[in-house]
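Chemist: Residue numbering for the sequence shown is 8 to 277, as defined by the numbering used here.
Note that CB positions come from ideal geometry on N, CA and C, so glycine has one too.
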Amino acid sequence: MNKGTVLFQLAAIFSIILISMTSFAQDRIFTYTYQSGVLGKGQNEIEIWNTFRTGKKEFSNRIDTRAEFETGLGGNFQTAFYLNYTSKSAQKNINGLKYLESESEYSFSNEWKYKVSDAAANSLGFALYGEYMIGTAEHELETKFIFDKKFRKLTLAFNLSGELEYEKEIEDNEPEWKITKKSDATFSAAYELNPHFHLTLESACRNRFSDKLESSALFTGAGFSYFADRFWANFTVLPQLKAFKGATDNGLDLDNYDKLEFRLIFSYEL
């Protein structure tokens with residue numbers, strides 16, 4: 008075997024390793040903030056989301072679980088399909104009597120994402136995102152503008168989103184749809200300690216509207232992102248820090264938002 012053949016084989020092995028690393032590279036290191044990256048054509052992932060919310064003015068616990076199948080379509084497009092399950096328990100007060108009410112709901116979601124520019128190859132990563140959700144008592148439409156940038160070991164990401172929420176309620180013994188408008192801005196930063204582990208900091212400003220702004224609150228918390236082979240996991244603790252409008256308790260809005268959230272997302276590439 009001559010020297011040229013050996014060098015060619017070594018180059019081929021090195022190329023395969025690089026391709027494998029690229030193919031299985033984690034495209035998401037935040038739990039609340041999206042990044043502009045999309046899966047390549049034919050790539051598929053299964054993601055499991057778990058979010059626990061607690062700490063409203065009256066006793067309230069809520070768990071949201073999402074099972075997501077995500078697939079790359081090529082041409083900088085990807086889509087995903089979700090099965091969602093929500094379980095919540097809350098204290099209710101009627102005529103001076105307190106009791107605990109529990110309920111659960113299933114829903115289906117479909118998202119579409121298009122990458123306009125790349126966070127590493129271009130001066131700024133940018134993507135457009137849309138999602139609809141159909142539930143038994145609630146429907147949602149959501150759009151996002153996604154921006155991100157990679158600076159060596161530092162990753163920054165910013166999302167601006169708008170949402171219309173349609174919820175079935177009973178008013179004067181008649182069912183009707185209540186429409187809530189939401190606008191959120193999230194900003195996140197991650198620092199790479201090594202190729203498999205990032206420390207993350209995430210902030211979210213959440214706003215609810217009817218005819219005018221009804222409530223606004225800031226959440227900020229820390230977390231981590233871990234990646235190994237085809238598996239990754241992201242975790243964040245996100246406490247409410249301040250209500251800019253609608254404060255009910257020590258500067259927080261505990262009617263419309265929870266005091267504390269925990270979110271874990273883990274994924275496996277198929």
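Suppose contacts are defined by Cβ-Cβ distances below 8 angstroms. Is S223 in contact with K189 by that definition?
Modeler: No, they are not a contact pair.
Chemist: With a threshold of 16 other CB atoms inside 10 Å of the CB of W184, please say whether the residue is buried or exposed.
Modeler: exposed
Chemist: Output the distance between the C-alpha atoms of W56 and T72, rounded to the nearest integer angstrom.
Modeler: 5 angstroms
Chemist: Does the beta carbon of E75 sit closer than 8 angstroms to a beta carbon anywhere in chain D?
Modeler: Included in the structure is just one protein chain, with no chain D present.
Chemist: Please specify which runs of the beta strand (DSSP E), each continuous and at least 3 residues long, are wholly inside the segment 221-274, giving them in chain order.
Modeler: 238-252
Chemist: Taking the alpha carbon of A235 as the reference point, which residue from T243, H146, P202 and A254 has its own alpha carbon closest?
Modeler: P202
Chemist: With a cut-off of 8 angstroms on the beta carbons, I'd call Y136 and E118 a contact; round off their distance for me.
Modeler: 7 angstroms
Chemist: Distance check for I153 and N2, CA to CA, integer angstroms please.
Modeler: One cannot answer for residue 2 here, as it falls past the ends of the chain, which runs 8 to 277.
Chemist: Within 10 angstroms of the Cβ of F158, are there 16 or more other Cβ atoms? Answer buried if so, exposed if not.
Modeler: Burial call: exposed.
Chemist: Pop quiz: T143 and E110 are said to be a contact at Cβ under 8 angstroms. What is the actual Cβ separation, rounded to whole angstroms?
Modeler: Wrong, their Cβ atoms sit about 10 angstroms apart, outside the cutoff.
Chemist: In whole angstroms, give me the CA-to-CA distance for F242 and I272.
Modeler: If I take the Cα positions, the gap works out to 7 angstroms.
Chemist: I need the boundaries of the beta strand (DSSP E) containing V45, first residue and last residue.
Modeler: Neither: V45 is in no beta strand (DSSP E) and is coded neither H nor E.
Chemist: I need the straight-line Cα distance from A196 to T207, nearest angstrom please.
Modeler: 6 angstroms
Chemist: According to the Cβ coordinates, are H205 and I36 closer than 8 angstroms?
Modeler: yes
Chemist: Below 8 angstroms between beta carbons: does that hold for E172 and E145?
Modeler: yes
Chemist: In the DSSP output, what is Q50 paired with across the bridge?
Modeler: As DSSP reads the structure, Q50 sits in no beta bridge.
Chemist: Quick test of your reading: K156 and A126, contact by CB under 8 angstroms. State the CB separation rounded to the nearest angstrom.
Modeler: 5 angstroms
Chemist: Measuring straight from C-alpha to C-alpha, what distance separates S232 and T193?
Modeler: 17 angstroms
Chemist: My output table needs one value for P202: the three-state DSSP class, helix, strand or coil.
Modeler: It is coil, neither helix nor strand.
Chemist: Tell me whether T38 is buried or exposed, calling it buried when 16 or more other Cβ atoms sit within 10 Å of its Cβ.
Modeler: buried
Chemist: Which word fits A164, buried or exposed, when buried means at least 16 other C-beta atoms lie within 10 angstroms of its C-beta?
Modeler: buried
Chemist: Judging by CA-CA distance, which residue of T162, T86 and F133 is the nearest neighbour of G1?
Modeler: Within the shown structure, residues of the chain are numbered from 8 to 277, placing residue 1 beyond reach of any answer.
Chemist: If you compare alpha carbons, which of F269, L104, A250 and R215 is closest to I186?
Modeler: R215
Chemist: Helix, strand or coil for K99 per DSSP?
Modeler: Collapsing the DSSP output to three states places K99 in a strand.
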